[in-house]
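>
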Amino acid sequence: MEYWSISVLSIVISVLVTYYLFRKFNFFKRHGIIHIPSIPILSVMVPIIFRRMSFANFTRKIYNLNRDAKYIGFYATMKPVIMLRDPEVIKDIIVKNFDSFTNNSVFVDTNDYVLSQNLFGLQNTKWRHVKKLLSPFFTSSKMKTMFSLMSKHATDFAELMSTLPADKSDVNMKDIFGRYTNDVIALCIYGMKIDSIRDPKNKFYVCGKDITRVSVILIIKYIFIRAFPKLGRILNIKLLNNQKIKYFESRIKNKIVIRDDAEHISHLNMIQLMLDNRDKEGQIQVDVDDIVAQAYAFYFAGSETSSSVMSFITYQIVTNPSVQVKLRQEIDELLNESDGDATYEAVNKLKYLDAVIKEALRLFSQSKSFTINKGMIIWIPLYAIHHDEKYYDNPEEFRPERFLNNDQDNNCRPSFYFPFGLGSRMCIGRRFSLLMIKVVLFHLLARCELKQCAKTSSIKFSEKNLLMMPKDDFWLNIQHRNDKYDRD
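To convert a position in the sequence shown, counted from 1, into this note's numbering, add 385.
(1) Please classify proline 432: does DSSP put it in a helix, a strand, or coil?
(2) Please state whether DSSP places valine 599 in a helix, a strand or coil.
(3) Going by other Cβ atoms of all chains shown within 10 Å of its Cβ, with 16 needed for buried, is arginine 784 buried or exposed?
(4) Out of curiosity, what's the CA-to-CA distance linking lysine 529 and tyrosine 729?
(5) Identify, in the order they occur along the chain, each residue of the same chain with its Cβ nearer than 7 Å to the Cβ of phenylalanine 413, setting aside the five sequence neighbours on each side.
(6) Thinking C-alpha only, which one of Cys573, Leu504, Ala539 and Arg415 is nearest isoleucine 561?
(7) Once the 5 residues before and after arginine 349 are set aside, which same chain residues still bring their CB inside 8 Å of it?
(8) Figure out for me which residue from Asn779, Val591 and Lys537 has the closest Cα to the Cα of cysteine 573.
(9) Start and end of the beta strand (DSSP E) containing methionine 468?
(10) Would you report the Cα separation of arginine 747 and phenylalanine 685, rounded to the nearest angstrom?
(11) DSSP beta-bridge partners for leucine 835?
(12) Go to valine 474, then tell me how far its alpha helix (DSSP H) extends in each direction, as first and last residue.
(13) Just reading off the beta strand (DSSP E) that valine 556 is part of, what are its end residues?
(14) Anyone know if the C-beta pair for phenylalanine 522 and methionine 438 falls short of 9 Å?
(15) Mapping the DSSP letters down to three states, classify alanine 571 as helix, strand or coil.
(16) Here's a check: name, in chain order, each residue in its chain whose Cβ is nearer than 7 Å to the Cβ of alanine 731, leaving out the five neighbours to either side.
(17) Let me make sure I understand the geometry here. Which of Arg513, Ile447, Val591 and Pro472 has the alpha-carbon closest to that of tyrosine 777?
(18) Could you check the C-alpha separation between threonine 597 and arginine 810 for me, to the nearest Å?
(19) Indicate the three-state DSSP secondary structure (helix, strand or coil) for glycine 808 in the structure shown.
(20) Using a Cβ-Cβ cut-off of 7 Å (strictly less than) and excluding sequence neighbours within five positions of isoleucine 863, which residues of its own chain qualify?
(21) For the candidate residues Gly725, Lys629 and Asn733, whose alpha-carbon lies nearest to that of valine 591?
(22) For a test of the three-state rule: what should DSSP assign to histidine 772, helix, strand or coil?
(23) In terms of residues, what are the limits of the alpha helix (DSSP H) holding alanine 682?
(24) Relative to the C-alpha of methionine 463, which residue among Asp580, Arg611, Trp512 and Ser691 is closest?
(25) Look up tyrosine 460 in the DSSP assignment and give the residues it is bridged to.
(26) Quick one: grab the DSSP three-state call for phenylalanine 589.
(27) Kindly indicate which residue of Arg513, Asp497 and Phe846 has the alpha-carbon position closest to the one of phenylalanine 697.
(28) Which two residues bound the contiguous alpha helix (DSSP H) that contains glutamine 657?
(29) Tell me, please, which residues DSSP counts as bridged to histidine 420.
(30) If we count Cβ pairs, one from each stretch, closer than 8 Å, do we get three or more for the region 571-585 versus the region 706-716?
(31) To the nearest angstrom, how far is the alpha carbon of isoleucine 770 from that of asparagine 449?
(32) What's the C-alpha gap between arginine 787 and valine 703?
(33) Output the distance between the C-alpha atoms of glutamate 744 and glutamate 782, rounded to the nearest integer angstrom.
(34) Using 10 angstroms around the beta-carbon of arginine 470, count the other beta-carbons present and answer buried if the total reaches 16, otherwise exposed.
(35) Taking 6 Å as the limit between beta carbons, can you name the residues of its chain near aspartate 674, skipping five residues before and five after?
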């Protein structure tokens with residue numbers, strides 16, 4: 386009798402689970418939406434989970450399912466996702482109807498407070514409050530101060546690169562730019578002076594690399610908590626290495642103690658600004674954990690992505706020699722006209738440098754997601770749109786002239802170009818990131834000539850990372866410029 390009871394119960398459970406999955410994964414069919422059929426739970430993410438396809442190519446595969454569709458459906462674990470293909474529809478949702486599509490869904494269900502409590506993971510009122518707290522750091526006046534700090538660091542970096550001995554002039558740009566962005570973020574966000582090139586094993590850099598590394602285990606954990614958020618919370622599954630997070634937490638708390646216990650004044654940085662402003666905001670109290678979460682978010686968002694963009698740009702520069710020539714001419718002209726004094730205003734007026742960066746961001750932009758009503762998610766395939774020949778002539782070609790006013794073939798319109806997202810959820814740190822990239826390229830090209838070397842290979846996207854990262858190390862040869870501007 387007991388055997389039959391267990392058998393009947395098993396059958397009932399199987400029927401209920403089957404019915405649930407059928408209903409869950411029949412959503413798009415019921416609503417007549419073009420979609421990609423999926424395996425329950427694993428969904429269409431199988432190529433990502435098993436590292437068979439880069440995230441960029443995965444996005445394009447879905448995007449190209451139907452060239453005439455305004456949107457396409459697919460399942461990410463257990464959640465239905467709508468990928469929007471039409472830029473005008475995207476603008477209507479993200480800009481005009483932002484109040485109905487306010488929240489980001491990436492880190493909603495995680496147990497790591499530095500993920501769920503940072504600006505990218507926060508929702509509704511708390512998100513608005515923290516954004517208001519952080520926004521003063523990214524004003525023009527603050528960026529001008531950051532420019533001074535960045536310029537000193539970039540000058541030192543470029544001088545070091547320009548004096549490399551011949552036997553060490555082949556450089557892994559992916560690694561060297563990673564160290565550069567680490568140090569600039571440490572300086573401008575954390576208020577810490579670090580030299581990761583001369584001190585390659587410093588703890589800040591080593592811990593930073595560790596907490597931004599995306600492993601197979603991390604991907605599996607992430608997919609599990611997205612598929613079963615309640616179970617993930619019960620089991621307290623975390624994505625990040627708690628010991629490494631504790632290190633960053635201790636550094637930030639130490640800064641707070643120094644600031645509160647003494648009249649300690651240092652250069653402007655984001656943590657200092659948050660501490661100065663936290664008591665001025667009366668709606669929601671921001672505690673130390675909130676500050677740690679924001680500091681972590683800007684390290685994660687700024688270090689890997691900015692260093693990758695720098696690598697992508699230098700790759701395009703060496704494989705398109707005429708671009709490097711034009712950049713050097715523009716930079717030299719500025720230095721000659723200003724007697725070597727490259728100000729914030731002057732560097733930001735370099736139109737061709739700006740066009741080169743914009744074109745690189747078009748070619749190498751991430752995708753964005755937002756939560757829609759009742760748990761559905763909308764996906765903005767930035768990379769796929771930026772590579773669509775419907776919006777860009779010869780989209781795979783690197784052509785900075787697309788973004789110059791005198792380009793007769795220019796078909797670039799704001800509706801088709803949004804590397805940092807759109808609307809109120811647009812990346813808050815975009816000005817900081819652009820400035821960091823612009824400053825290092827300016828000083829590097831003012832002093833150095835970049836060339837291909839025996840180790841230079843074409844850039845391919847990593848299948849091991851959910852962010853758009855180079856698959857392999859990227860090597861260039863760096864030579865001192867004999868014709869560089871000399872104030873003397």
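Where a beta carbon is used, it is the ideal one built from N, C-alpha and C, also for glycine.
Here's the rundown:
(1) Secondary structure of proline 432 (DSSP, three-state): helix.
(2) The answer is coil: DSSP assigns valine 599 none of H, G, I, E or B.
(3) That one is buried.
(4) Taking the CA atoms as reference points, lysine 529 sits about 6 Å from tyrosine 729.
(5) Counting only Cβ-Cβ distances below 7 Å, and skipping sequence neighbours, we find His420, Gly458 and Pro465.
(6) The shortest C-alpha separation from isoleucine 561 is found at Ala539.
(7) The structure shown does not extend to residue 349, since the chain is modelled only from 386 to 873, so the question has no answer here.
(8) Nearest C-alpha to cysteine 573 among Asn779, Val591 and Lys537: Lys537.
(9) Looking at the DSSP string, the run of the beta strand (DSSP E) that includes methionine 468 is 464-469.
(10) Counting only the Cα atoms, phenylalanine 685 lies some 21 Å from arginine 747.
(11) In DSSP, leucine 835 forms a bridge with Ile863.
(12) Its alpha helix (DSSP H) spans residues 472-476.
(13) Unbroken beta strand (DSSP E) run through valine 556: 555-557.
(14) Going by C-beta atoms, phenylalanine 522 is not nearer than 9 Å to methionine 438.
(15) Three-state DSSP puts alanine 571 in a helix.
(16) Only Leu719 and Ser723 meet the Cβ criterion.
(17) If we check each option's Cα against that of tyrosine 777, Pro472 comes out closest.
(18) If I take the Cα positions, the gap works out to 22 Å.
(19) Residue state, collapsed to three classes: helix.
(20) Excluding its 5 nearest sequence neighbours in each direction, isoleucine 863 has C-beta neighbours in its own chain below 7 Å: Met546, Leu549, Ser554, Val556, Cys833 and Leu835, listed in chain order.
(21) When each option's Cα is compared against that of valine 591, the closest is Lys629.
(22) Histidine 772: coil per DSSP, three-state reduction.
(23) Element bounds for alanine 682: 673-704.
(24) Comparing Cα positions, the closest option is Arg611.
(25) Looking at the DSSP assignment, tyrosine 460 forms a beta bridge with Pro465.
(26) Looking at phenylalanine 589 - three-state DSSP - the assignment turns out to be helix.
(27) Ranking Arg513, Asp497 and Phe846 by Cα distance to phenylalanine 697 puts Phe846 first.
(28) Annotation: the continuous alpha helix (DSSP H) that includes glutamine 657 extends over 655-662.
(29) Gly458, per the DSSP bridge assignment.
(30) Cβ pair count under 8 Å is below three, so no.
(31) The alpha-carbon atoms of isoleucine 770 and asparagine 449 are separated by roughly 10 Å.
(32) Cα to Cα, arginine 787 sits roughly 19 Å from valine 703.
(33) Using only the alpha carbons, I get a separation of about 10 Å.
(34) By the 10 Å Cβ count, arginine 470 comes out buried.
(35) Excluding positions up to five away in sequence, the list reads Tyr498.
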